[in-house]
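Shown next, in the form of structure tokens:
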């Protein structure tokens, strides 16, 4: 088939997802995209210029069987701007994240514009794909109240049909670049926090955790890396003085350094307040790190239930306790790591690309019927 990916925000996990599928698919996959900046403007206006690019591709090589728009695309407007160039193409929305359940930054105020763009895209899609069960379920729990706030002609009657067209297809991840798994030295336990430096990833909670772990007398070192789009969280200013030479990495890591950090980590932790899939955790666990994660969001889905007791915490004290258990029980922790690494392997693009190909083929055939 001919597949078009429309990606208004070409950066971070959005770009990794699009490039990963394009490179691993057996279909002919083209991409139209804009740079990863001004995300609100991308959601509001990118449909015009991306549709211009898409029309040129159709004029030169013919129509697409399937068009896939990410959650930052105003899908309804994009289809309108495509006009006749759509030519019967099936339209799929891939919900990488959403703006209805995403926690507000302290600098933002509530604005339903962007959640409305997500919802409008879904209503015109032949299929809606979420990256996790947690994401799908939390969206449909929230959208009921969202539509009921409309002043009249509410869309509540559409929820059931959109839900019927919705499914889950996890993010594919390039795990092959991490092979072989890291070899642990058995010395000081290295803890990795590898998330975007933003409010929704819980930077304050990471600092509280570091304070608690220092107070506990644990022998550890900490690596803190991740994308940065804004000023570093204020709480992070405390980490260098608090940890001194225990802080073995602090800031951005290029790809080579990032893979080194993945392969050298004994433990990977999350303090997230929002996580729809968890690419960073998937990478670290595949590399051999023991996960210590909050018992919320997508994490109970990502970690098999038999390991919840050792891997999922309820509060800050529980997080410290779990990390201390890993430090004090290295053999038992290594056994769990090996089992979880095998679990993560199913998200590699070698496994996921055929699933994407088959899913999009099915949507295209359904459109033609």
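Residue numbers (our numbering): 61 to 429.
We treat Cβ as the ideally placed atom computed from N, Cα and C, and that holds for glycine.
Between the alpha carbons of residue i and residue j, how many angstroms are there, rounded?
i           : j           : result
residue 89  : residue 213 : 38 Å
residue 191 : residue 160 : 16 Å
residue 235 : residue 327 : 18 Å
residue 416 : residue 85  : 8 Å
residue 189 : residue 424 : 14 Å
residue 104 : residue 304 : 44 Å
residue 421 : residue 228 : 16 Å
residue 309 : residue 284 : 6 Å
residue 195 : residue 132 : 15 Å
residue 225 : residue 187 : 5 Å
Going by alpha carbons, who is nearest to residue i out of the options?
i           : options            : result
residue 122 : 110, 353, 144      : 144
residue 419 : 182, 69, 201, 81   : 81
residue 140 : 185, 285, 298      : 185
residue 119 : 77, 296, 147       : 147
residue 390 : 247, 222, 63, 358  : 247
residue 278 : 339, 177, 384, 257 : 384
residue 125 : 102, 134, 340, 87  : 87
residue 292 : 301, 205, 264, 282 : 264
residue 380 : 149, 71, 102, 268  : 268
residue 100 : 77, 221, 69        : 69
residue 273 : 299, 392, 262, 313 : 299
residue 158 : 180, 137, 107      : 180
residue 254 : 339, 110, 410      : 339
residue 394 : 249, 216, 135      : 249
Identify the residues that DSSP records as bridge partners of residue i: which are they?
i           : result
residue 226 : 188
residue 154 : 130, 189
residue 251 : 282, 327
residue 373 : 354
residue 408 : 233
residue 55  : Residue numbering for the chain in the displayed model covers 61 to 429; residue 55 lies beyond these limits and cannot be assessed.
residue 17  : Because the chain in this structure spans residues 61 to 429, residue 17 falls outside the shown range and cannot be described.
residue 62  : 88
I believe residue i touches residue j by the beta-carbon criterion, under 8 Å. Please report the beta-carbon distance rounded to the nearest angstrom.
i           : j           : result
residue 232 : residue 413 : 6 Å
residue 202 : residue 260 : Residue 202 to residue 260, Cβ: 16 Å. No contact.
residue 114 : residue 92  : 5 Å
residue 407 : residue 230 : 6 Å
residue 241 : residue 401 : 6 Å
For chain B, is any of its Cβ atoms less than 8 Å away from the one on residue i?
i           : result
residue 425 : Absent from the structure: chain B. Only one protein chain is present.
Can you list, in chain order, the stretches of the alpha helix (DSSP H) that have 4 or more residues and sit fully within the stretch 189-222? 193-208
Quick check on the DSSP output: what are the complete beta strand (DSSP E) runs of length 3 or more inside the stretch 80-115, in order along the chain? 88-95
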